[in-house]
Structure formats: C-alpha cells, structure tokens
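Here the structure is laid out as structure tokens; the discussion comes afterwards.
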Amino acid sequence: MNIIVEVISDLNNSIISLAMHIIYLAIISDGDS
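For what it's worth, the numbering used here labels the leading residue of the sequence shown as 809, then goes sequentially.
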C-alpha cells in the first residue's frame, strides 16, 4: 500500500508542477499581447 501512496503523491506533484508551468506560460503570453 505504501508504494501506491508514494506513486500517487509523485503523480500529484507532477500534475501540480505541470499546472504551474502552464499558468506561468499563460501569464507570459497574456503579457506579450
């Protein structure tokens, strides 16, 4: 069970990081236009 929890945690961290990058890029894009 611990392995599953760790995998889910890593997945959540990856999704959060990806979302942060997308939001950051979106803000930069809005700034250019």
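Here a beta-carbon is modelled for each residue, glycine too, at the ideal position from N, C-alpha and C. Quick caveat: nothing in here was measured; it's all calculated off a predicted structure.
Own chain, CB closer than 7 angstroms to residue i, minus 5 neighbours either side, in chain order
i           : result
residue 839 : none
Three-state secondary structure assigned by DSSP to residue i
i           : result
residue 828 : helix
Cβ neighbours of residue i in the same chain (closer than 8 angstroms, five flanking residues each side left out)
i           : result
residue 827 : none
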